[in-house]
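Here the structure comes first, spelled out in structure tokens, and everything after it is commentary.
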């Protein structure tokens, strides 16, 4: 019986450090719960947060499509702040 052929190392689709860099960007652009009231009127900020999260999905071979579509909704004015449940809206 033949021994299995050695597996070749596949070159990565992404440059070294891409995963870490995308995660750092996503953390930086993430809107924390305490910031939401101050930033809710800035759809570009929300879109940037979603696009950074989509980038993390891409470099981890995930499906980024839903996040990209949602980011487009914010940029095109189709999505807005749903309001805060604690304030009755």
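Residue numbers (this note's numbering): 34 to 122.
Don't be surprised by glycine CBs; every beta carbon is placed ideally from N, CA and C.
For residue 102, the enclosing alpha helix (DSSP H) has its first and last residue at 98-108.
Residue 113 carries a coil assignment under DSSP once its states are collapsed to helix, strand and coil.
In the DSSP assignment, residue 46 falls outside any alpha helix (DSSP H) and carries neither an H nor an E.
Shown here, residue 55 sits in a helix according to DSSP, grouped into three states. Between the region 80-93 and the region 54-63, the count of Cβ pairs shorter than 8 Å is three or higher; the stretches touch.
Measuring C-alpha to C-alpha distances from residue 50 to each of 115, 108, 93 and 65 identifies 93 as the nearest.
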